[in-house]
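This report refers to the structure that appears directly beneath it.
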Amino acid sequence: MTLYKPRFRRNQPDSPEAPIWDFVGVLQNENVSHHVRTSSNACVESVFTGSGMFVCEDKWQRPTSKNAPVTAPTTDAISARQPPEERSTVADFNSMPTPDLYKAILDRITDPLVDQMLRELFGRFPGETVEKIEEEKRGRSIVLSGVKESSPTLRPSQRQKDLEDKVDAILDVLDMECRPVEIRRMGRFDLSRPRLVKVVFSNKQEWSQALAQARLLRSTSFSDVYIRRSMTENERRREYELRQVARERNAGLDKREWVVHRDNGRSVDVIYFDLSKAFDNVNHAKLLSKLKSVGIEGRLLDWFACYLSGRHFTVKVENAYSDRGSRISDYGAANVEECFQICYDDAACSYLDYNDRRQMCDIYKTGTDEHLAGAETYKLLRDEVVSGCERKVILNSTRMVSKAIPPIHDVQADLTVTSALLAEERETPVPRTGWEYFSETKMYYKLVNKEKRFDEARAFCQKKNGDLVSIQSEELNDLLIVVYANRKKEVVHSDTKGAESGERNNERVGVEEEGRHNPVQPGCEFVETYCKRATFPWTSIYHNNHNQILSKGNISKSMMSSKKSVILIVFDSVSHSNFIRSMPKSLEVLSSLYKSHIFKGMSKIGDNSFPNAVAFLSGKHHQTEFGDVMGYFDEHPLIWKDFEKAGYTTYYAEDYPKFNLFSYLAGGFRRKPVHHYFSNLGRTHVYCRPYWLNVYGSFLHRRSKFLCYGNQAMHNIELNYLSQFLRKNKDSPKFALNWLTELGHDYANTINVADEDFADFLRKHYDDLKESFFFVLSDHGHRFDPIRQTRIGRIEERFPFFSMHIPQCIQRKIPALAGVIQQNTEVLTSFWDFYVTMRDILDLGESDSWDQMISQLMDNSTWTHNYSKRGQSLLRPLSDRNCKEAGVPEEFCMCYPETAVDTNSYLITKLAQELILHLNRLLAEYNECAPLTLSKVRHATKIEDEFIGAEAKYRITVEATPSFAVFEALMRYNKAANTSVVHGNVNRVNSYGNQSICVHEQELRKYCYCTSTTAR
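Take the sequence shown: its letter number 251 is residue 251 in our numbering, and every next letter is one higher.
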């Protein structure tokens, strides 16, 4: 027999007066179906949860319509099917008491079996209703532990009042506006420990808010109060049984070894190893700052600091072990929430519920199951583990299964060259916190003959803007704005034609009917379009920014025959090695199609972008020779001015206004510095917002994906602008500097999303670039990626990518030139050489003295210049040289061998303290900056340099508080005088974000930790 649960009546779903008919349904059974009928043989309509059915003349029939709605019968409908003499009584069913209605049903049914079934059915309603009510009530209840008991001398009413006041105070901390409907103690009074407190809220939303805000208690006087959800009876019984087992096993032991974690009591026989942790690259200082910003403070934040500090790792590949290294940028968990799930004792279990509701509960012995600790940093065990049950390991990355468990697992996964498995972690208790953490990680790798086949890295941008306005740029015509409209709208396009005066030109175009509007041809390079309804002019339905290149007039071919264009494309923060790893397709095009020369020894000469750019754009030192770097740069000696004087069409484009080369902590330019300027002007031009400033400030950009503007990749926007420049000026000598900043500035690995696009750009514009000096380069390697804190990372940061393509006509005219440049790729070079090279190209073209260069290369005669104090042309033979001869500062020189020294030695500690004193002296005049304190020495090496005499050189890396900054410096120590001094600039090798927002000097930005809370 099957009971079909009916629906409630649609018109009154919650009506307490709804008749019992609406709740009962029909008992379906072939043996009793003939009893379910009216005295007049009329059909009785039934309501089912699925499809409707009728009982009529001993036959079951479905509704004629397949999708006919199933509704409960109304009294009018029933009355219409009754004989006239019975309709008056039927009409009173709604007001009939339940016993009378029950009796009326029995009067019409003579079968005693139906009577018994109805009695059983009605008898079940109260019990099921109570269970449902209790389940719903438990779903909006929380349990508080640690709430102190009231004095036993108080009367019960006073104790209840005191309890309610305490709970109210706790809820105030949780920022709860609504009060609970029930507050009571659970269990019997016990002087040894406070009883649990059950709090029932009026709805689920308040319950959820209380659990979500539980973290706020940690930094208040209620730090010992913990919150969890209310458990079912089975869950409480399971936990009680586990505690009893734990007490029995701990009996007679000096300390409690067996502990309990909450769970649903389910068996767990699979452990997930995540080989690609989401937060592997999160710096510890940044993580702690983020946790604090979301309200995690006090004891919990202290635990995180303890857990993250002092961690080390060892790597084994086959039979070779690595040195013991420090962990400074991950914690071995798949996400932040998992950190909450390594709670040691019952008191902290509330954090489990508040985070992802994955309740864990089981018993295990501390210190004996370390081989499972690396699974997800928490224990997912069952009792059979003690007896050594067989378990499986599933790798998240590939879902490959291995049945081998501790201590070392030879799992072959489909990874690049190796398969990695976190196999063992040793636990050490943290004093006074009641938590546990893993201090030592041993990672085992096994080489396998498999290669990971990665998906192509592309920037996929979601379509956030319709194609209401498009741009058609023809060979001889300028920008055409083409408007497609499906209703009456008004289109406004705005340009920055009056850039130097700060004016903005607007033109309105009315669209009166559907279809294509006549094209508009504005005389400006940057066009901001927005469309509005004519009836609602205050509402914008379309907004976008467009760009074009306007021709500046051609130069005669005879005039430019000897002048070769110079095109620079700069990728910010990309090392030589990282370009090879991340841009393989582009590298292949540069090497095979362009025959570009890849320089292996190009070294940076400054810490960040600005000093390196100033070096190759002016040939001057940014601090001592270039001039004021805090004001405007209109009068500074930049190389594009020399090219412009020589008749070149000049171009400068740079994205990411936040870190613009000449406006970051500086004034930028008052006027356009070049003919075609695709960046932002100085800080005073608030009305003239060039293209990128408009883009980054737009609503469309804020709702676009990372590295996207609507449905366009940001790097493609800039490359498209360069494409227009190359095509519009193909018969003119050109100087172009195209700087892609955002792509690689913040993250080392995001550069690869542009590989395919850049390779396509190179192939597409080969004919436009083959007769130009074409340079693809970077300013330095990544400065803040976690790899930077390794020796390999330091080497990568010193050597940016640099390639050079020489025009085909020059190669044919001077065959020996390619060999000279190829030899120079093996020599230590710097950006001083790059500046001299561009000046050499300019002068050779202006004087048309390429033939003279041929003779110089043939007889190997020396070549002199007066372009700069430093540097040699890369077009001329270079001899082997050291850092000093190449103009590379000592702190960036990688030519000397280094030997690791003990970081705990007296000398290294003294040098580290001297370094912190040096930084504090630099910050002394800035009251907004907190004094720095030495936290630890991370790494120290002695530099073997035979040219420094009695002095010794050391490179040390220290961590300082309160900023958790990691500084690297070169220091000289005079043993005879027992003195030490910082040599050169101090470099910061981890990100500082907004920690130093209160200072406006580039150098001090690396060191300052602002005391104002708004800086973090």
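A virtual CB, placed ideally from N, CA and C, is assigned to each residue, including glycine. Keep in mind the model is a prediction, meaning the values are calculated, not measured.
Problem - 8 Å Cβ cutoff met for Leu911 and Ser847 - result: On the sequence shown, position 911 is the one that residue 911 refers to. On the sequence shown, position 847 is the one that residue 847 refers to. Judged by their CB atoms, Leu911 and Ser847 are not nearer to each other than the 8 Å cut-off.
Exercise for the section: Take Ser996 and list the residues in its own chain whose beta-carbon comes closer than 8 Å to its own, dropping the five residues that flank it on each side. Expected result: Residue mapping note: residue 996 aligns to position 996 of the sequence shown, counting from 1. Here the set comprises Cys929, Leu1004, Arg1005, Lys1006, Tyr1007, Cys1008, Tyr1009, Cys1010 and Ala1015.
Exercise for the section: Please confirm if the region 572-580 is in contact with the region 804-823, defined as three or more CB-CB distances below 8 Å between the two stretches. Expected result: In the pairwise beta carbon analysis, the region 572-580 is classified as not touching the region 804-823: fewer than three pairs are separated by under 8 Å.
Exercise for the section: Mark Gly502 as exposed unless 16 or more other C-beta atoms lie within 10 angstroms of its C-beta, in which case mark it buried. Expected result: Position 502 of the sequence shown, counted from the first residue, corresponds to residue 502. With a pLDDT of 39 at Gly502, under the threshold of 50, the modelled position of that residue is not reliable, and the figure given next carries that caveat. The residue is exposed, with fewer than 16 neighbouring Cβ atoms inside 10 Å.
Problem - Helix, strand or coil at Asn994 according to DSSP, with G and I counted as helix - result: As a first step, residue 994 must be located in the sequence shown, where it is residue number 994. Correct three-state label for Asn994: coil.
Handout entry: Own chain, CB closer than 6 Å to Thr909, minus 5 neighbours either side, in chain order
Key = Along the sequence shown, read from residue 1 onward, the residue named residue 909 stands at position 909. The beta carbon of Thr909 sits closer than 6 Å to none of the beta carbons in its chain outside the five residues before and after it.
Exercise for the section: Can you tell me which of Leu740, Arg195 and Ala305 puts its alpha carbon nearest to the alpha carbon of Asn660? Expected result: Sequence index remark: in the sequence shown, residue 660 carries index 660 (1-based). Considering only Leu740, Arg195 and Ala305, the residue with the shortest C-alpha distance to Asn660 is Leu740.
Exercise for the section: Evaluate the contact criterion for the region 701-708 versus the region 662-678: three or more CB pairs, one atom per stretch, below 8 Å. Expected result: At 8 Å Cβ cutoff, the stretches do not touch.
Problem - Proximity below 8 Å, CB of Ile142 to CB of Ser230 - result: Taking the sequence shown and counting its residues from 1, one reaches residue 142 at position 142. Taking the sequence shown and counting its residues from 1, one reaches residue 230 at position 230. In this structure, Ser230 lies closer than 8 Å to Ile142 by Cβ.
Practice task
Given a cut-off of 8 Å, decide if Lys728 and Ser562 are closer than it, judged by their beta-carbon atoms.
Solution key: The count along the sequence shown starts at 1 and reaches residue 562 at position 562. The count along the sequence shown starts at 1 and reaches residue 728 at position 728. Their beta carbons are not under 8 Å apart, which means Ser562 does not touch Lys728 by this criterion.
Exercise for the section: Put Glu654 into one of helix, strand or coil per three-state DSSP. Expected result: Taking the sequence shown and counting its residues from 1, one reaches residue 654 at position 654. Of the three classes helix, strand and coil, the one that applies to Glu654 here is strand, per DSSP.
Practice task
Consult DSSP for Ala713 and reduce its assignment to one of helix, strand or coil.
Solution key: Taking the sequence shown and counting its residues from 1, one reaches residue 713 at position 713. Three-state result, Ala713: strand.
Exercise for the section: May I have the straight-line CA-CA distance separating Glu588 from Cys524, to the nearest angstrom? Expected result: The count along the sequence shown starts at 1 and reaches residue 588 at position 588. The count along the sequence shown starts at 1 and reaches residue 524 at position 524. Using only the alpha carbons, I get a separation of about 37 Å.
Exercise for the section: Say whether the region 620-633 touches the region 839-853, bearing in mind that this needs 3 or more beta-carbon pairs closer than 8 Å, one atom from each stretch. Expected result: Contact check between the region 620-633 and the region 839-853: fewer than three CB pairs, one atom from each, fall below 8 Å, which does not count as touching.
Exercise for the section: Buried or exposed for Leu932, please, with buried defined as at least 16 other CB atoms from any protein chain shown within 10 angstroms of its CB. Expected result: Indexing the sequence shown from 1 puts residue 932 at position 932. Flag for Leu932 reads buried.
Practice task
Could you tell me whether the Cβ atoms of Pro1025 and Gly984 are closer together than 8 Å?
Solution key: Residue numbering for the chain in the displayed model covers 1 to 1016; residue 1025 lies beyond these limits and cannot be assessed.
Handout entry: Own chain, CB closer than 8 Å to Cys895, minus 5 neighbours either side, in chain order
Key = Counting from 1 along the sequence shown, the entry for residue 895 is found at position 895. Once the five neighbours on either side are set aside, the close Cβ partners of Cys895 are Leu828, Asn882 and Cys883.
Handout entry: Check whether Phe735 and Val566 have beta carbons under 8 Å apart
Key = Working through the sequence shown from its first residue, we reach residue 735 at position 735. Working through the sequence shown from its first residue, we reach residue 566 at position 566. Taking 8 Å as the Cβ cut-off, Phe735 and Val566 qualify as a contacting pair.
Exercise for the section: From the DSSP output, read off the bridge partner residues of Val958. Expected result: Position 958 of the sequence shown, counted from the first residue, corresponds to residue 958. Val937 and Phe967.
Practice task
Determine the burial state of Ala1017: buried for a count of at least 16 other Cβ atoms within 10 Å of its Cβ, exposed for fewer.
Solution key: The shown model of the chain, from 1 to 1016, leaves out residue 1017, and the question about it has no answer.
Handout entry: Whole-number beta carbon distance between Glu898 and Thr941, since they are thought to touch under 8 Å
Key = For the purposes of this step, residue 941 is taken as the residue at position 941 of the sequence shown. For the purposes of this step, residue 898 is taken as the residue at position 898 of the sequence shown. Indeed they touch by this definition, with Cβ atoms about 4 Å apart.
Problem - Three-state secondary structure (DSSP) of Asn974 - result: Working through the sequence shown from its first residue, we reach residue 974 at position 974. Three-state DSSP puts Asn974 in a strand.
Problem - Through-space distance from Leu144 to Ile183, alpha-carbon basis - result: For the purposes of this step, residue 183 is identified with residue 183 of the sequence shown, where counting begins at 1. For the purposes of this step, residue 144 is identified with residue 144 of the sequence shown, where counting begins at 1. Approximately 10 Å between the Cα atoms of the pair.
Practice task
Give me the Cα-Cα distance between Trp832 and Gln724, rounded to the nearest whole angstrom.
Solution key: Looking up residue 832 in the sequence shown gives position 832. Looking up residue 724 in the sequence shown gives position 724. C-alpha separation (whole angstroms): 31 Å.
Practice task
In angstroms with no decimal places, state the Cα-to-Cα distance between Cys708 and Ala653.
Solution key: In the sequence shown, counting from the first residue as 1, residue 708 sits at position 708. In the sequence shown, counting from the first residue as 1, residue 653 sits at position 653. Rounded to the nearest angstrom, the two C-alpha atoms are 17 Å apart.
Exercise for the section: Excluding the 5 residues preceding and the 5 following Arg839 in the sequence, name in chain order all residues of the same chain whose CB lies nearer than 6 Å to its CB. Expected result: For the purposes of this step, residue 839 is taken as the residue at position 839 of the sequence shown. Around Arg839, the same chain offers Tyr867 as residues with beta carbons nearer than 6 Å, after the five sequence neighbours per side are excluded.
Problem - Residues bridged to Glu951 [DSSP beta-bridge criterion] - result: As a first step, residue 951 must be located in the sequence shown, where it is residue number 951. For Glu951, which the question treats as bridged, DSSP gives the partners Asn974.
Problem - Inter-residue spacing [alpha-carbon to alpha-carbon] between Tyr542 and Gly710 - result: Translated into the one-based positions of the sequence shown, residue 542 becomes position 542. Translated into the one-based positions of the sequence shown, residue 710 becomes position 710. If I take the Cα positions, the gap works out to 12 Å.
Handout entry: Through-space distance from Arg108 to Glu86, alpha-carbon basis
Key = In the sequence shown, the residue the question calls residue 86 occupies position 86. In the sequence shown, the residue the question calls residue 108 occupies position 108. In this prediction, Glu86 has a pLDDT of 46, which is less than 50 and means its spatial position is unreliable; what the coordinates show is noted afterwards. Whole-angstrom Cα-Cα distance: 12 Å.
Exercise for the section: In the DSSP assignment, find the unbroken beta strand (DSSP E) run with Trp739 in it and report its ends. Expected result: On the sequence shown, residue 739 is found 739 positions in, with the first residue counted as 1. Taken as a continuous stretch (DSSP letters only), the beta strand (DSSP E) holding Trp739 covers Lys734 to Leu740.
Practice task
Go ahead and label Phe340 buried or exposed: buried means 16 or more other beta carbons lie within 10 angstroms of its beta carbon, across all protein chains shown.
Solution key: Residue numbering aside, residue 340 sits at position 340 when the sequence shown is read from its first letter. Note that Phe340 has pLDDT 28, beneath the 50 cutoff, so the model's placement of it is unreliable and the number below is only indicative. Phe340 is buried by the Cβ-count criterion.
Practice task
Let me know the secondary structure DSSP gives Val197 once reduced to three states.
Solution key: Here residue 197 is taken as the residue at index 197 of the sequence shown, counted from 1. Collapsing the DSSP output to three states places Val197 in a strand.
Exercise for the section: For Thr750, name the three-state secondary structure that DSSP assigns. Expected result: Stepping through the sequence shown from its first residue, residue 750 is reached at position 750. Of the three classes helix, strand and coil, the one that applies to Thr750 here is helix, per DSSP.
Problem - Short Cβ contact (8 Å threshold) for Leu174 with Gln213 - result: Here residue 174 corresponds to residue number 174 of the sequence shown, with the count starting at 1. Here residue 213 corresponds to residue number 213 of the sequence shown, with the count starting at 1. Taking 8 Å as the Cβ cut-off, Leu174 and Gln213 qualify as a contacting pair.
Practice task
Please state if the CB of Ser596 and the CB of Ser803 are separated by a distance shorter than 8 Å.
Solution key: As a working mapping, residue 803 is identified with position 803 in the sequence shown. As a working mapping, residue 596 is identified with position 596 in the sequence shown. Contact annotation: Ser803 and Ser596 have beta-carbon atoms nearer than 8 Å.
Problem - Contained beta strand (DSSP E) runs [length at least 3] in the region 767-837, N- to C-terminal order - result: Here the runs fully enclosed are 773-778 and 802-805.
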